[in-house]
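See structure below.
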Amino acid sequence: MPTAPHPQSTDELYQALQENDRRPYGRTRTVTAEELVDAAEQFGEPVPLVHALLELQEAYTYGSEPRKSPVVFARLLTLFDEQPDVFDERLRHMLFWRFKWVAHALRQLPEIPLPSLCQWLTEMRDRYEKAGLGLQPYYGQAYQLAAHVGEDTTPAYELWAARTRTRLSDCEACETCERALYHLTAGDDERALRVWEPVLAGKESCQEEPARSVSYALLPLLRTGRTDRARELHLAGYRGCRRNPSMAQEVGRHLEFCALTGNEARGLELLSENRNLFDEVDSPLDLLGFLTGLEVLLQRVEHLGHGELTAPGYAGRTWTVAGLRAEVRGRADDLAARFDARNGTSAHTDRRTARLDRAPLLDALDLTLRTRSLDDMAPATAPVTATAGHATAAVPDELPELILHARKSEEQGHPDARACWARLRTLVAARDYTHPDDPAVGPLVQLRADLLADEASRASDRDEFGDAADLYEEAAGRYADAGLPGHAAVARGSALLTSAEIPARGDEATEATAAALTAAHAAMVRLHEETPGLAPDQEARLLRLRATALGLRLQASRSEEHVASALAEVDLLHTFATRHDVVGQISGALLLRATTYAISGDLPAAVMEIDALLDRLRAHGPAWHLPRTLGLRGRLQLVLRDAQAAYADLAEGLRLAAAWPADAVDTSRLHGDLAEACMHLGRPEEALRHLTRSAEVELRRGSRTDAFCTYGNAARLSLDLGRVEDCIALLDSLLAEPDVAAGELDDRLVAQLRLTRARALHAGDDLKAATAEFVALAAESAGWDDDPGSHAVIAAETAVLLGESGEFGRAREAAQQALAAHARDPRYEQLSNCLRELARLQGQQQGPDGLPGALAFLADAGRVADEARAAGYEAGGRSLDTALAYEYGRVNAYTGEYEDALAALEKALALLGEPGAEQDHAGEWAECVRLAAVVEGLYLERPAPALTRLDAAVSRLTPLGHTDETEPLTSLAARLRDEE
């Protein structure tokens, strides 16, 4: 089926070729190129056909189809021989350049005999000599063939490297890579890295570089101790080759790097992202490199005992790591043997063996902000609760003892309870489970009720309140069946509370929530009064539920009239627990009291209560309440703006939490609060670490939405810190999660992650990818009828990126969308910034021709400023009117309208006013003066008034201490005086 309309003229053909050239390499581009060759043949003109054939060969070459590239080139060569005049200088250059492409393609095919490869190089040499071209490119290909075959490369290398480069030589980046690989093969890592440095530093690049060089340099960097550099280049280099069939070998080397640095889980994640390579790589040599790197990874994963993990592999079946490794090994061994048979050496088998025998270079290297282990890759029916650094719960082996210990721990609120219930849940689910015949243990129905209550508690922790309420009700029924009315009452009280916690919707959600909690409290009081024979711990738990309900009501309503009743319930709980020595509930009551004071705004009283509670916990326990209590005091200190004290409490809470099982304390909250404290203390890098750890804990506990929100905050912070590749790698990992790909996660949350990624791509100078993502997000957000403001911001940013790409027609369309959304939900500053930037870009890129379009953007910005003024909106920095006047000055200067530019800058200076002590205002004023002096002194050739302006500005700024701001002014003044 055709992928595009059939061109009806050569003009349409050339346009279609240009459009296809903008597509990424892959099947769509290749099929379109094939269709365009067919179309070109219909016109009966050789020049369009030559262009179409060149595009097709490029598509085959970079689409990893080496078998087809030489066939297309043969047609081009025939046309050249028959009609040389058809080939102008540019086409002739391209033709001779592509002799190298064919040599490369033939090396990739083991079915091509070695004499045929040599014969092609002879053909290339003869053609170059006949055309009077230098032979350095030929000797480069001869060297690459020698390196491929595995013979002594020194003579071939010297014949190539000693020759002067020509116009047909490979680009500097590619030749740098070949020279570095020569030294790397000789075992000289340091020299190879020195040769590579210009490419690794981004000073030299091309279609394949620096991604190719980076993939080879990773292990030498590790071997020479440059781990940070290796990490940085892995993140940037992988992004340059992922999912690209023509760079499958490079992907394989990144997989190998992960395997040798303790990042096996990331390796499997990257494999999943590149599963297309199993089917799309048509080059046997590229496939061999990919499969060998993959086998290094799979071998390592299996060695670590995870051979049964599911792994992405060839289509048609489900693979385990062990099964895929066996399949990969067989295919790669066969490919290596075929190349060696063709070449008459054992080079490819030897190279494979060396890679597979290589030992890990590091036990662990944190490659990304999202650290994952192989345990995290295993499918789980319940959230993982064990975390490195945390104590393991005491779980008895004997069943009766296990049941009794679980109940005792539950009664005390001890952290061991969760692990005991988890173990019992597994045992009871087994077909051969036999319940103990022991009166102390009770009947099976009681145990099943216990397990339901624990499951309900876990659901409540995940904010799944509806499910929790249903589970508690079912547990209450089973307790009643077991003849345990006290247990049933506690379960029903818990069901009442969790039902009231189900979030209300609508404009009156707060009132509805408060009413639901009031009703739940009343029902609990009745339940308490109507249930006879309650044990002290059961009565204390019911009182705790009552106090919690009123505390939550106060939290929802923030009403002063609810404070007294909440404190009264806490006092009831505290008095009862103290009288019956229910230790856990005593501290629980004190914690509730402190929380109530905090919610009511009485922070001194809250701190006093917390201090008293901490003294009690340290003296009498329970010790597992200490981390949570320290966490609350830390949060109070944050509200009181004592970040240092908050940090100390939160860090201590985190340290103490390690003494208990991972799910005993909400360490995700501790890490999150520590991140906030670190930001207040000016330690953003440490804050970033705490954010990612908070997200990891949330993810292990099954709180995926919370985890992704926290990861999103971490991504934005990493972008703010300039860690662009870290940001992109983190977001790529999140967006590749199965539930995200399946659309199961909140679509707005996913859109926010994609938006941050698009901004990171832009910050990383990947304008093409960033623009594509922004365009997609703008189209998607256009349907957000409930949030037009967000669409306005996204469409505005999209317009700017389109402007940076020079596509001002599409930029205007996006800006119109932004303005339409802004009319419904104003975003004055963002829209003004967007429109002014578009005007600047069009004026700067197009000069006088772009002035009408630029002025139209500024006119729109003027209307936005008028609307903002009428609405009483004040921008964060300079006013929108000031910024607009300055932009009129710049745009008119770019487009040669210097008198208008000077008038606009004079207006901007008047609006800014004289500078004061503020650094930002002084900087803006000085820049406006500088630009006005440039226009006046250089473009309008009026140096005298320009110098007067500059001298006055320097005299105004110097006494205020703005020395940095005066430097560009004095420099410009010196230039003007020199030119006088």
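In the numbering used here, the protein residues as written are 38 to 1017. All C-beta atoms, glycine included, are put in the ideal place defined by N, C-alpha and C. Predicted model only: the values in this text are computed from it and were never measured.
- A Cβ-Cβ contact shorter than 9 Å links Glu241 with Pro235.
- Its chain contains Phe894, Asp897 and Ala898 as the residues whose beta carbon lies nearer than 6 Å to that of Leu872, once the 5 sequence neighbours on both sides are disregarded; these appear in chain order.
- Around the beta carbon of Pro540, a 10 Å sphere encloses fewer than 16 other beta carbons of the protein chains shown; the residue is thus reported as exposed.
- Runs of alpha helix (DSSP H) with 4 or more residues, each lying fully within the segment 435-477, are found at 436-449 and 453-466, listed in chain order.
- Straight across, the Cα-Cα distance linking Ala374 with Thr329 is about 13 Å.
- For Val358, the number of other beta carbons within 10 angstroms of its own is at least 16, and it is reported as buried.
- The beta carbons of Tyr865 and Tyr910 sit closer together than 9 Å.
- Taking the Cα positions, Ala198 is about 10 Å away from Pro174.
- No residue range can be given for Arg59, since it is assigned to no alpha helix (DSSP H) and is classified by DSSP as neither H nor E.
- Around the beta carbon of Lys137, a 10 Å sphere encloses 16 or more other beta carbons of the protein chains shown; the residue is thus reported as buried.
- If you draw a straight line from the Cα of Pro150 to the Cα of Met284, it comes to about 24 Å.
- Around the beta carbon of Gln145, 16 or more other beta carbons lie within 10 angstroms, which makes this residue buried.
- Assigned with DSSP and collapsed to three states, Ala168 falls in coil, not helix or strand.
- The DSSP-derived three-state label of Thr203 is coil.
- The C-beta distance from Glu904 to Pro863 rounds to 7 Å, short enough to meet the 8 Å contact threshold.
- Burial state of Ser153 is exposed, judged by a 10 Å Cβ sphere holding fewer than 16 other Cβ atoms.
- The continuous alpha helix (DSSP H) containing Glu943 extends over residues Tyr935 to Leu949.
- The alpha-carbon separation between Thr615 and Leu771 amounts to approximately 48 Å.
- With contacts defined as CB atoms closer than 9 Å, Asp500 and Ala454 fail to qualify as a contacting pair.
- Burial is judged here by how many other beta carbons sit within 10 angstroms of a residue's own beta carbon; Met645 has fewer than 16 and is exposed.
- Taking a contact as a CB-CB distance under 8 Å, the pair Leu786 and Thr742 counts as one, their CB atoms being some 7 Å apart.
- As for any alpha helix (DSSP H) of minimum length 4 sitting wholly inside the segment 692-760, the runs are 704-717, 721-737 and 741-757, ordered along the chain.
- Between Ala855 and Ala836, the C-beta gap is smaller than 9 Å, which places the two residues in contact.
- In the DSSP annotation of this structure, the continuous segment of the alpha helix (DSSP H) that includes Glu195 starts and ends at Thr191 to Ala198.
- Take the alpha-carbon of Ala466 and the one of Trp458: they are about 12 Å apart.
- Taking 9 Å as the cut-off, the Cβ atoms of Gln622 and Leu580 count as close.
- Counting C-beta pairs with one atom in each stretch, the segment 289-303 and the segment 316-329 have three or more that are closer than 8 Å, which means they touch.
- Going by DSSP, Asp487 is part of the alpha helix (DSSP H) stretching over Leu481 to Asp498.
- Between Leu255 and Val333, the C-beta spacing is not below 9 Å.
- Nearest neighbour of Ala983 by Cα position, chosen from Ser992, Arg578, Val966 and His999, turns out to be Val966.
- Cβ neighbours of Asn57 within its own chain (closer than 7 Å, five residues either side excluded): Arg66, Thr69, Ala70, Leu73 and Glu92.
- Comparing alpha carbon positions, the residue from Met414, Arg460 and Ser446 closest to Asp434 is Arg460.
- A distance below 7 Å between beta-carbons, with the five flanking residues on each side excluded, links Ala642 to the following residues of its chain, in chain order: Tyr634.
- Ala348 sits in a strand when the DSSP states are folded into three classes.
- Taking 8 Å as the upper bound for CB-CB distance, Ala970 and Arg993 are not in contact here, some 14 Å apart.
- In the structure shown, the three-state DSSP call for Thr329 is helix.
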